[in-house]
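Novice:
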Amino acid sequence: MKKVLENKTAIAIFVLPALVIYSVIVILPVIWSLYYSFYSGSPGLKWEFIGFDNFLRLFGDSNFKASLAVNLKYISIVMLGQVGMGLLLALMFYFWLKRFKNVIRTLVFFPVVLPTVAVGQLFQKIYEIQPNYGLLNSLLNALGLTGLIQPWIGQASTALGSLCVMDIWVAMGFYAVIFYGALLDIPGDVIEAAKIDGAGGLQLFRYILAPLLRAMIITCLIFSFSGTVKMFESATALTNGGPGAATRSLSMYMYNVSFTYNKVGYGSVVALFIFMLCVLGSSIIRKFDIKE
Amino acid sequence: MKKGLKSIAIKFVIICLVVIEIYPLFWMLTASLKQQSEWTSKPAYALNSGFYIQNYIQAWTRGNMNIFFKNSFICTVVSLFFIVLFTVTVSFAVTKMRWKLGEFVGKYFEFGIMIPVATALIPLFQIYSGMGLLNSRLCLIITYTAFGLSLSILLTTGYLRSFPDEIMEAAVIDGCGIYKLVWYVVVPLMKNAIVTVLVLQFFFKWNDLIFSMTFISDQKLKTVQTGLLYFQNEFGAKNWGAIFASVSMCVIPMLILYMILNKRIIEGMTAGAVKG
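Residue numbers (our numbering), protein chains in the order written: chain L, 1457 to 1748; chain Z, 981 to 1256.
(1) Opposite S1498(L) in the DSSP bridges: which residues?
(2) Using 10 angstroms around the beta-carbon of G984(Z), count the other beta-carbons present and answer buried if the total reaches 16, otherwise exposed.
(3) Would you call the region 1718–1729 of chain L in contact with the region 1657–1671 of chain L, where contact means no fewer than 3 C-beta pairs closer than 8 Å?
(4) Does C1119(Z) come out as helix, strand or coil in the three-state DSSP assignment?
(5) Quick one, are the C-beta atoms of I1487(L) and Y1495(L) less than 8 Å apart?
(6) Taking DSSP as the reference, what is the three-state secondary structure of C1156(Z)?
(7) Suppose the cutoff is 8 Å on Cβ atoms and the five residues either side in sequence are ignored; what does the same chain contact list for M1148(Z) look like?
(8) Would you kindly work out how many angstroms separate the C-alpha atoms of N1712(L) and A1468(L), rounded to a whole number?
(9) Would a check of beta-carbon distances place L1547(L) closer than 8 Å to chain Z?
(10) Could you name the residues of chain Z that C1676(L) contacts, counting a contact when the two beta carbons are closer than 8 Å?
(11) I want to know whether the region 1078–1097 of chain Z touches the region 1127–1139 of chain Z - three or more CB-CB distances under 8 Å.
(12) Give a yes or no on whether the minimum CB-CB distance between Y1530(L) and chain Z is below 8 Å.
(13) If we count Cβ pairs, one from each stretch, closer than 8 Å, do we get three or more for the region 1683–1694 of chain L versus the region 1576–1586 of chain L?
(14) With distances taken between CB atoms, is the gap from N1044(Z) to Q1199(Z) smaller than 8 Å?
(15) Who are the neighbours of Q1611(L) on chain Z, taking C-beta pairs under 7 Å?
(16) Grab me the residues of S1523(L)'s own chain with a C-beta within less than 8 Å of its C-beta, minus the 5 sequence neighbours each way, in chain order.
(17) Measure from the C-beta of V1471(L) to each C-beta in chain Z and report whether the shortest distance is under 8 Å.
(18) Identify the contact partners of W1163(Z) in chain L, using a Cβ-Cβ distance below 7 Å as the criterion.
(19) Check the Cβ-Cβ distances between A1474(L) and every residue of chain Z, and say whether any is below 8 Å.
(20) Does the distance from the C-beta atom of S1493(L) to that of L1728(L) stay below 8 Å?
(21) Would you grab the beta carbon distance between N1035(Z) and A1225(Z) for me? Rounded to a whole angstrom, and I think it's under 8 Å.
(22) Just to confirm before moving on: does the CB-CB distance between F1195(Z) and L1120(Z) stay below 8 Å?
(23) Mapping DSSP to helix, strand and coil, what is E1584(L)?
(24) Is there a Cβ of chain L sitting closer than 8 Å to that of E1001(Z), yes or no?
(25) Using CA atoms only, rank isn't needed, just tell me which of M1548(L), N1519(L), G1497(L) and I1585(L) is closest to I994(Z).
(26) Mind checking the region 1572–1588 of chain L against chain Z and listing, in chain order, the residues whose C-beta falls within less than 9 Å of any C-beta there?
(27) Can a CB atom of chain Z be found closer than 8 Å to the CB of I1506(L)?
(28) Just checking: is the beta-carbon of I1730(L) within a distance shorter than 8 Å of some beta-carbon in chain Z?
(29) Are the Cβ atoms of E1001(Z) and L1563(L) separated by less than 8 Å?
(30) For G1207(Z), which residues in the same chain have their Cβ closer than 6 Å to its Cβ, ignoring the five residues on either side in sequence?
(31) Please confirm whether V1626(L) and F1565(L) have their CB atoms less than 8 Å apart.
(32) Can you pull out the residues from the region 1166–1194 of chain Z whose beta carbon lies closer than 9 Å to at least one beta carbon of chain L?
(33) Could you check the C-alpha separation between Q1606(L) and V1646(L) for me, to the nearest Å?
(34) Roughly how many angstroms lie between the CA atoms of G964(Z) and L1178(Z), to the nearest whole one?
(35) Got a sec, what are the start and stop residues for the alpha helix (DSSP H) Q1199(Z) sits in?
(36) Against chain L, with Cβ distances strictly below 8 Å, would Y1025(Z) count as a contact?
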């Protein structure tokens, strides 16, 4: 037994191919970004060592700051929306829904599996105002709320909000299913006992369910955070960063800087910033888990 | 009386939520069957008056959807094969086999979860362009495989750790070598974990946009997602019928797949979050 499991050749065959591909494609680029970040221009084109200039430039770059602000707003709205709506839906399934539990759970989860680009195109048409009213505007029109008809994704004031609504719509079923599973794991007699002791809905949640669900809430927040930090695909598909820079995220800014304006060195600094934000953010959220 | 009112209110809320989740998709399907003239003569929420299949034919042939589907299919299936192969071998080697670096290598693979795709994008572009691999299916397949490993290995190592050693011991006593042991004993017992990985990674790879739009510019090699993104430019923003047909075409296979495998899919997709 021992001999079989210590077979060195077998270990090499099992691990090496994956290790090489993973190291070259996933790990090496991060280190490589660090190296790029000390250079100006792009390889072969004004490629000069400039030390920390790219990093210093970051702090004075108003485009970068604007993208960071958009990204942070997006993270906070979507993260709270996805996890909050998910939790609400799950509580509703658990306490209110007597029949059709599985059917409704299946239906609500469905948007999760859809391609982001397809969802983006669909919502473009929902928010459309020109040449015809899209779904939302035509419904508002039918309800007589003509004052609310507006170019939802065509103006800076509503574009980010419209994007957030889309991303919450996509993912809330996902979190609902996770929380529902966690609720089913809570022994039924704990909840029964609390009810007998006269705990109302809010009290029940505050003192019984919230502490028991705490670990799961943290997990979901981290998952949602790491998804929203990367904000790229849904914004590209719905608004492509527009109008102006109203929905341009850090990843999209990095993409523009390095592939449209060919400033690979500076783009790498933005890329590293995203990496740092991702690591920092998840460890801050994780801190809440350790307390108590 | 009060209780009856409350239950009606609850039902109303639940129905509203379900409608919000489902109605946009229903609207999309009906819209894809509308003729151009219906958009100007009727409000957007109106049902289609006939079944105008022409939209689909147009999207499939003139919109090149047939090519995009083929490309997505090849890239996804090949990378899934390698993801599963590497995931099984690596996670077995780091959990069950005995070597000094085993634990470290496992941690090293799991670290990849923290790395945002955007951070790797610029160097990868340079690597591929230096090797002349841009605009090839190969570079997508390599990238998809490499970026699929971390989460998959995390999921399967958790599963393998709880896996009893006695079964393996019995097989070894019966004269089973290491390769036979993995193929005939470990893989069949890991079936559930493998299916979870397959489901999760299928959706990640099939829905990928950022890699394919960065590495592929050749119209003949674009995947469904990139193709769809630029669809509007080619057809013009006014051809809503064809646009809806192309979007529906991407959604319908997912819908069918989901209907058949919904328990598995929900399990697989949520496992990634709970473990990650």
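C-beta atoms are modelled at their ideal positions from N, C-alpha and C, and glycine is treated no differently.
Specialist: With the given structure in hand:
(1) Numbered from its first residue, the first sequence carries residue 1498(L) at position 42. Checking the DSSP bridge columns, you'll see S1498(L) partnered with L1501(L).
(2) For the purposes of this step, residue 984(Z) is taken as the residue at position 4 of the second sequence. Exposed, since its Cβ has fewer than 16 Cβ neighbours within 10 Å.
(3) Put simply, the region 1718–1729 of chain L does not touch the region 1657–1671 of chain L. Fewer than three CB pairs are less than 8 Å apart.
(4) Taking the first residue of the second sequence as 1, we reach residue 1119(Z) at position 139. Secondary structure at C1119(Z): helix, using DSSP grouped into helix, strand and coil.
(5) On the first sequence, position 31 is the one that residue 1487(L) refers to. On the first sequence, position 39 is the one that residue 1495(L) refers to. Taking 8 Å as the Cβ cut-off, I1487(L) and Y1495(L) do not qualify as a contacting pair.
(6) Counting from 1 along the second sequence, the entry for residue 1156(Z) is found at position 176. Coil at C1156(Z), not helix or strand.
(7) Along the second sequence, read from residue 1 onward, the residue named residue 1148(Z) stands at position 168. These residues qualify, in order along the chain: K1076, L1161, V1165 and V1166.
(8) For the purposes of this step, residue 1712(L) is identified with residue 256 of the first sequence, where counting begins at 1. For the purposes of this step, residue 1468(L) is identified with residue 12 of the first sequence, where counting begins at 1. Cα to Cα, the separation comes out at about 41 Å.
(9) Within the first sequence, residue 1547(L) is the residue found at index 91, counting from 1. No, L1547(L) lies away from the interface with chain Z (no Cβ there is under 8 Å from its Cβ).
(10) Locating residue 1676(L) in the first sequence gives position 220, where the first residue counts as 1. The contacting residues are A1253.
(11) Yes: at least three Cβ pairs fall under 8 Å.
(12) Mapped onto the first sequence, residue 1530(L) falls at position 74. With its beta carbon at least 8 Å from every one in chain Z, Y1530(L) lies outside the interface.
(13) Yes: the two stretches touch, three or more of their Cβ pairs being nearer than 8 Å.
(14) By 1-based counting over the second sequence, the position of residue 1044(Z) is 64. By 1-based counting over the second sequence, the position of residue 1199(Z) is 219. Note that the C-beta distance between N1044(Z) and Q1199(Z) is below 8 Å.
(15) By 1-based counting over the first sequence, the position of residue 1611(L) is 155. Those do not exist, as Q1611(L) stays about 17 Å from chain Z at its closest Cβ, beyond 7 Å.
(16) Reading the first sequence from its first residue, position 67 is the one you call residue 1523(L). Counting only Cβ-Cβ distances below 8 Å, and skipping sequence neighbours, we find A1701, R1704, S1705, L1706, M1708 and Y1709.
(17) Along the first sequence, read from residue 1 onward, the residue named residue 1471(L) stands at position 15. Judged by the 8 Å Cβ criterion, V1471(L) is in contact with chain Z.
(18) Here residue 1163(Z) corresponds to residue number 183 of the second sequence, with the count starting at 1. Residues of chain L passing the Cβ test: none, with the nearest at roughly 12 Å.
(19) Position 18 of the first sequence, counted from the first residue, corresponds to residue 1474(L). The Cβ of A1474(L) sits closer than 8 Å to at least one Cβ of chain Z.
(20) What you label residue 1493(L) is simply residue 37 of the first sequence in a count that begins at 1. What you label residue 1728(L) is simply residue 272 of the first sequence in a count that begins at 1. Taking 8 Å as the Cβ cut-off, S1493(L) and L1728(L) qualify as a contacting pair.
(21) Residue numbering aside, residue 1035(Z) sits at position 55 when the second sequence is read from its first letter. Residue numbering aside, residue 1225(Z) sits at position 245 when the second sequence is read from its first letter. Going by Cβ atoms, the distance from N1035(Z) to A1225(Z) rounds to 4 Å, so yes, they are a contact pair.
(22) Against the second sequence, residue 1195(Z) aligns to sequence position 215. Against the second sequence, residue 1120(Z) aligns to sequence position 140. Yes, the Cβ-Cβ distance between F1195(Z) and L1120(Z) is below 8 Å.
(23) The residue you call residue 1584(L) lines up with position 128 of the first sequence. In this structure, E1584(L) counts as coil in the three-state DSSP scheme.
(24) By 1-based counting over the second sequence, the position of residue 1001(Z) is 21. With 8 Å as the cut-off, E1001(Z) counts as an interface residue toward chain L.
(25) As a position in the second sequence, residue 994(Z) is number 14, starting the count at 1. When the alpha-carbon of I994(Z) is set against those of M1548(L), N1519(L), G1497(L) and I1585(L), the nearest one is in M1548(L).
(26) Residues passing the 9 Å Cβ filter: T1572, V1573, A1574, V1575, G1576, Q1577, L1578, F1579, Q1580, K1581, I1582, E1584, Q1586, P1587 and N1588.
(27) In the first sequence, counting from the first residue as 1, residue 1506(L) sits at position 50. Not one chain Z Cβ lies under 8 Å of I1506(L).
(28) Locating residue 1730(L) in the first sequence gives position 274, where the first residue counts as 1. For I1730(L), a Cβ of chain Z is located within less than 8 Å of the residue's own Cβ.
(29) As a first step, residue 1001(Z) must be located in the second sequence, where it is residue number 21. As a first step, residue 1563(L) must be located in the first sequence, where it is residue number 107. Less than 8 Å divides the Cβ of E1001(Z) from the Cβ of L1563(L).
(30) Residue numbering aside, residue 1207(Z) sits at position 227 when the second sequence is read from its first letter. Answer for G1207(Z): F1048, listed in chain order.
(31) By 1-based counting over the first sequence, the position of residue 1626(L) is 170. By 1-based counting over the first sequence, the position of residue 1565(L) is 109. Contact flag unset, no.
(32) For the region 1166–1194 of chain Z, which is checked against every Cβ of chain L, the residues closer than 9 Å are F1183, W1186, N1187, D1188, L1189, I1190, M1193 and T1194.
(33) Within the first sequence, the letter at position 150 stands for residue 1606(L). Within the first sequence, the letter at position 190 stands for residue 1646(L). Rounded to the nearest angstrom, the two C-alpha atoms are 49 Å apart.
(34) Residue 964(Z) is absent from the structure shown; chain Z starts at 981 and stops at 1256.
(35) Translated into positions along the second sequence, residue 1199(Z) becomes position 219. No alpha helix (DSSP H) holds Q1199(Z); DSSP gives it neither H nor E.
(36) Position 45 of the second sequence, counted from the start, is the residue given in the question as residue 1025(Z). It does; some Cβ of chain L falls within 8 Å.
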